[in-house]
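J.: Protein chains in written order, with numbering that gives the first Met the number 0: chain A, 0 to 306; chain B, 0 to 55. Don't be surprised by glycine CBs; every beta carbon is placed ideally from N, CA and C. Below are the C-alpha cells for one structure; questions will follow.
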Amino acid sequence: MILGSATTFSFYLHARGSQPGGALLLGGVDIHQQLEVVRRRGATLVSVLVAVLVLGIFALALFVWSQQRTVALRGDTTSQATKPPASPTTRTEHVSPGISGAHVRGLPIMARKPTPVSQGYQDCPAEGDGGDRQQNRLKNRVDSAAWLATDFDDVLSLPWPPGVDRRQRDHWTRGDRSAVAKYEGLPLSIEGYFAGAKQEGPEASNCHGADADFRDWHIWIASEPGRDRARSIVVETTPSVRAIHPEWTLSAIRRLARDSTRVRVSGWLFLDPEHPDQVGRTRGTIWEIHPVMRIEAWKNGQWEEMR
Amino acid sequence: MRKAIMIEARVWIEGEDEAAHDFAASTIQAVREAIEAGAAKHPELRMTVKKIREVK
Chain A
0 MILGSATTFS FYLHARGSQP GGALLLGGVD IHQQLEVVRR RGATLVSVLV
50 AVLVLGIFAL ALFVWSQQRT VALRGDTTSQ ATKPPASPTT RTEHVSPGIS
100 GAHVRGLPIM ARKPTPVSQG YQDCPAEGDG GDRQQNRLKN RVDSAAWLAT
150 DFDDVLSLPW PPGVDRRQRD HWTRGDRSAV AKYEGLPLSI EGYFAGAKQE
200 GPEASNCHGA DADFRDWHIW IASEPGRDRA RSIVVETTPS VRAIHPEWTL
250 SAIRRLARDS TRVRVSGWLF LDPEHPDQVG RTRGTIWEIH PVMRIEAWKN
300 GQWEEMR
Chain B
0 MRKAIMIEAR VWIEGEDEAA HDFAASTIQA VREAIEAGAA KHPELRMTVK
50 KIREVK
C-alpha cells in the first residue's frame, strides 16, 4: 500500500512540472482535479494506516500488560492464607496451590542469584544424555552458598505458573520463565523431618545410568514427624554431591526418619515441572530442594552435619 | 467378531551406550522396531504403535 501511494505522488509531481499553472485536460476531464482527488485519498489512506498501526501497538501492549498482571495476581492471591489445602480436590488446586491460598512473604528475594556451577558425574556430562538439558544442568549443580534459613511452609506454599507443567523449559513462555526465575536458584535451608527416601530410576540428568551410584535419591521432608507426604517437600541428592558425602546413605536417612530426628536440609530451590499430578498425593508442591548440598541433624542440642 | 484392545506395557531396557548419547531416543526407536518386527508373526492382528515414552 505504501509503495502504491509513492507511485501516485511521483506521477502527480511529474504532471505539474510539465504544465505549470495551467489546466491539463484529458478526455475533457481536468487531470489536476483528478490528481488532487487521488492525492487526498492517498493521504486519507496513510492516516488510516497510521491509526491502525497505533491501535495495534496499543492492543499488543495491553495484552502483554494483562499477561504479566495475571502472573502477578497468582502470586498475590497466595498472600491471603498461611497453609495450602490438606487434600486439594481439583486439578486446578494441584497445579496452582497459590490459588487456594498460601503465603510467600517469607521467601527471600535475591536481585542476583548465584550462577549455577554444574558438573557431570564420571562420564556423564552435566547436561545429561537428553530430555530437558537446561533442567539437567540445574539438577547437576555442585556449587554452595550461604544458605538462607526459610520457613517450611513458605516453600510448600510457593506458587508456580500452570503453564510450565510437563513442559520443557525451552517451551515455557517468557512470563512463566520469569515467574519461576524469581525464586528458582535460591540457596535455601529448611527444617523438618524426613518422611521417607527412595532411589530414583534411571533418568536423563544422570545419563540413564543403571548403577545405583548414578541415581538420584528422592527424599520426602515434612514439617512434623509422621505427617502425610501429601504435604511434604521433595528434596533430592545427586550422584556428584553424594560422592563427597560418604555418610549420606539411604539407611542413615531412613534412620533419621524412623527416629523422628529433626533435620535441616540445605540446597538449591528448583522447580520440577514433571510431576504436577502428584501434588496433594505424594508431595505437597513441585518446588524441590534439588540438589541437596548439606544435611544436618539435631542431636544433643546442636546441629550435626552429615559429612 | 472383530475385537480391539489398547495395551500399555512397561519395558525395562539396559545396555551399553556412550554416556552423553540420547539413550531414551535410541531405546524408544528400538522398542518401536521390535514391535513392528514381532507384529509380522501375527498377520491376523493389525498392530499400531500409538505412543512410546520414557516413564519417569
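Using the rule of at least 16 other Cβ atoms within 10 Å of the residue's Cβ for burial, across every protein chain shown, is residue 230 (chain A) buried or exposed?
T.: For this step, residue 230 (chain A) is matched to residue 231 along the first sequence. Buried, since its Cβ has 16 or more Cβ neighbours within 10 Å.
J.: Name the two residues that bound the continuous beta strand (DSSP E) containing residue 221 (chain A).
T.: Here residue 221 (chain A) refers to the residue found at position 222 of the first sequence. Note, residue 221 (chain A): beta strand (DSSP E), 216–221.
J.: Tell me the DSSP secondary structure of residue 29 (chain B) in three-state form.
T.: As a first step, residue 29 (chain B) is located in the second sequence; it is residue number 30 there, counting from the start. Correct three-state label for residue 29 (chain B): helix.
J.: Expressed to the nearest angstrom, what Euclidean distance is found between the alpha-carbon atoms of residue 247 (chain A) and residue 181 (chain A)?
T.: Sequence index remark: in the first sequence, residue 247 (chain A) carries index 248 (1-based). Sequence index remark: in the first sequence, residue 181 (chain A) carries index 182 (1-based). Cα to Cα, residue 247 (chain A) sits roughly 31 Å from residue 181 (chain A).
J.: Starting from residue 189 (chain A), trace the beta strand (DSSP E) in both directions and tell me its first and last residue.
T.: Residue mapping note: residue 189 (chain A) aligns to position 190 of the first sequence, counting from 1. Residue 189 (chain A) -> beta strand (DSSP E) spans 186–198.
J.: What is the DSSP secondary structure of residue 138 (chain A), counted as helix, strand or coil?
T.: Mapped onto the first sequence, residue 138 (chain A) falls at position 139. In the structure shown, residue 138 (chain A) sits in a helix (DSSP, three-state: H, G or I).
J.: Under a CB-based cut-off of 8 Å, is residue 124 (chain A) close to chain B?
T.: In the first sequence, residue 124 (chain A) corresponds to position 125, counting from 1. Yes - at least one Cβ of chain B is within 8 Å of the one on residue 124 (chain A).
J.: Could you round the C-beta distance between residue 166 (chain A) and residue 272 (chain A) to whole angstroms and report it? I think they count as a contact, below 8 Å.
T.: Your numbering for residue 166 (chain A) matches position 167 in the first sequence. Your numbering for residue 272 (chain A) matches position 273 in the first sequence. At roughly 6 Å, the Cβ-Cβ gap stays under 8 Å, so residue 166 (chain A) and residue 272 (chain A) are in contact.
J.: Rounding to the nearest angstrom, what Cα-Cα distance links residue 86 (chain A) and residue 213 (chain A) in this structure?
T.: Mapped onto the first sequence, residue 86 (chain A) falls at position 87. Mapped onto the first sequence, residue 213 (chain A) falls at position 214. Summary for residue 86 (chain A): the model assigns pLDDT 32, below 50, so the residue's position carries little reliability; its value from the coordinates is reported in the next sentence. Near 34 Å, if we compare the C-alpha coordinates of residue 213 (chain A) and residue 86 (chain A).
J.: Where does residue 69 (chain A) fall in DSSP's three states?
T.: Working through the first sequence from its first residue, we reach residue 69 (chain A) at position 70. Any reading at residue 69 (chain A) needs caution, since the residue's pLDDT is 39, under 50, leaving its predicted position unreliable; the model's value is listed next. It is helical.
J.: When DSSP labels each residue in this structure, what does residue 54 (chain B) get in the three-state scheme?
T.: Sequence index remark: in the second sequence, residue 54 (chain B) carries index 55 (1-based). Correct three-state label for residue 54 (chain B): coil.
J.: Which residues in chain A sit within 8 Å of residue 23 (chain B), going by Cβ to Cβ distance?
T.: Walking along the second sequence from the start, residue 23 (chain B) turns up at place 24. The answer, in chain order, is 128, 129, 130, 203 and 207.
J.: Note the first and the last residue of the continuous beta strand (DSSP E) segment covering residue 269 (chain A).
T.: Taking the first residue of the first sequence as 1, we reach residue 269 (chain A) at position 270. 261–270 is the extent of the beta strand (DSSP E) around residue 269 (chain A).
J.: Helix, strand or coil for residue 56 (chain A) per DSSP?
T.: Here the question's residue 56 (chain A) lines up with position 57 in the first sequence. Helix at residue 56 (chain A).
J.: Mind checking if residue 273 (chain A) is an interface residue toward chain B, Cβ cutoff 8 Å exclusive?
T.: As a first step, residue 273 (chain A) must be located in the first sequence, where it is residue number 274. It does; some Cβ of chain B falls within 8 Å.
J.: Buried or exposed for residue 72 (chain A), please, with buried defined as at least 16 other CB atoms from any protein chain shown within 10 angstroms of its CB.
T.: As a first step, residue 72 (chain A) is located in the first sequence; it is residue number 73 there, counting from the start. Legend: pLDDT at residue 72 (chain A) = 32, less than 50; position of this residue unreliable, no value from coordinates given.
J.: Give me the DSSP bridge partner(s) of residue 236 (chain A).
T.: As a first step, residue 236 (chain A) is located in the first sequence; it is residue number 237 there, counting from the start. DSSP lists A:216 as partners of residue 236 (chain A).
J.: When we look at the beta-carbon of residue 56 (chain A) and count the other beta-carbons within 10 Å, is it buried (16 or more) or exposed?
T.: As a working note, residue 56 (chain A) is residue 57 in the first sequence. Residue 56 (chain A) should be labelled exposed.
J.: Using a C-beta cutoff of 8 Å, does residue 55 (chain B) count as contacting chain A?
T.: For the purposes of this step, residue 55 (chain B) is identified with residue 56 of the second sequence, where counting begins at 1. Closer than 8 Å to some Cβ of chain A, the Cβ of residue 55 (chain B) qualifies, so yes.
J.: Going by CA-CA distance only, name the one from B:6, B:0, B:15 and B:52 that's closest to residue 208 (chain A).
T.: Residue 208 (chain A) sits at position 209 when you count from the first residue of the first sequence. The residue with the shortest Cα to Cα distance from residue 208 (chain A) is B:15.
J.: In terms of residues, what are the limits of the alpha helix (DSSP H) holding residue 252 (chain A)?
T.: On the first sequence, position 253 is the one that residue 252 (chain A) refers to. Its alpha helix (DSSP H) spans residues 249–257.
J.: Any idea if residue 191 (chain A) is buried or exposed, counting beta-carbon neighbours within 10 angstroms, 16 or more meaning buried?
T.: Working through the first sequence from its first residue, we reach residue 191 (chain A) at position 192. So residue 191 (chain A) counts as buried.
J.: Is residue 300 (chain A) buried or exposed, if buried means 16 or more other CB atoms sit within 10 Å of its CB?
T.: Along the first sequence, read from residue 1 onward, the residue named residue 300 (chain A) stands at position 301. With fewer than 16 Cβ atoms within 10 Å of its Cβ, residue 300 (chain A) is classed as exposed.
J.: Could you say which of A:264, A:116 and A:187 lies nearest to residue 108 (chain A) if we only look at CA atoms?
T.: Residue 108 (chain A) sits at position 109 when you count from the first residue of the first sequence. The residue with the shortest Cα to Cα distance from residue 108 (chain A) is A:187.
J.: Just the C-alpha distance for residue 290 (chain A) and residue 305 (chain A), rounded to the nearest angstrom, thanks.
T.: The residue you call residue 290 (chain A) lines up with position 291 of the first sequence. The residue you call residue 305 (chain A) lines up with position 306 of the first sequence. Distance between the alpha carbons of residue 290 (chain A) and residue 305 (chain A): 15 Å.
J.: Using C-beta distances below 6 Å, list every residue in its chain close to residue 151 (chain A), excluding the 5 sequence neighbours before and after it, in chain order.
T.: Residue mapping note: residue 151 (chain A) aligns to position 152 of the first sequence, counting from 1. Closer than 6 Å at Cβ, skipping near neighbours: 189, 191 and 222.
J.: Going along the chain, which residues of its own chain have a beta-carbon closer than 7 Å to the beta-carbon of residue 203 (chain A), five neighbours each way excluded?
T.: Taking the first sequence and counting its residues from 1, one reaches residue 203 (chain A) at position 204. Answer for residue 203 (chain A): 127, 128, 129, 130 and 135, listed in chain order.
J.: Just confirm the distance between the C-beta atoms of residue 286 (chain A) and residue 159 (chain A), as a whole number of angstroms; I'd bet it's less than 8 Å.
T.: In the first sequence, the residue the question calls residue 286 (chain A) occupies position 287. In the first sequence, the residue the question calls residue 159 (chain A) occupies position 160. Between residue 159 (chain A) and residue 286 (chain A) the Cβ distance is about 7 Å, and since that is below 8 Å, they are a contact.
J.: My understanding is that residue 199 (chain A) touches residue 216 (chain A), with C-beta atoms under 8 Å, so please give their C-beta distance in whole angstroms.
T.: Reading the first sequence from its first residue, position 200 is the one you call residue 199 (chain A). Reading the first sequence from its first residue, position 217 is the one you call residue 216 (chain A). About 7 Å; that satisfies the 8 Å criterion.
J.: Identify whether residue 14 (chain A) lies in helix, strand or coil by the three-state DSSP scheme.
T.: Working through the first sequence from its first residue, we reach residue 14 (chain A) at position 15. Note that residue 14 (chain A) scores 35 on pLDDT, short of 50, meaning its location in the model is unreliable and no value can be drawn from it.
J.: When burial is assigned at 16 or more other CB atoms within 10 Å of the CB, is residue 114 (chain A) buried or exposed?
T.: The sequence position of residue 114 (chain A) within the first sequence is 115, counting from 1. Exposed.
J.: Quick one: list the residues of chain A neighbouring residue 13 (chain B), beta-carbon separation under 8 Å, in chain order.
T.: Residue numbering aside, residue 13 (chain B) sits at position 14 when the second sequence is read from its first letter. Here the neighbours are 209.
J.: Does DSSP put residue 44 (chain A) in a helix, a strand or coil?
T.: Numbered from its first residue, the first sequence carries residue 44 (chain A) at position 45. The answer is helix: DSSP assigns residue 44 (chain A) an H, G or I state.
J.: DSSP three-state label for residue 34 (chain B), please.
T.: By one-based count along the second sequence, residue 34 (chain B) stands at place 35. Correct three-state label for residue 34 (chain B): helix.
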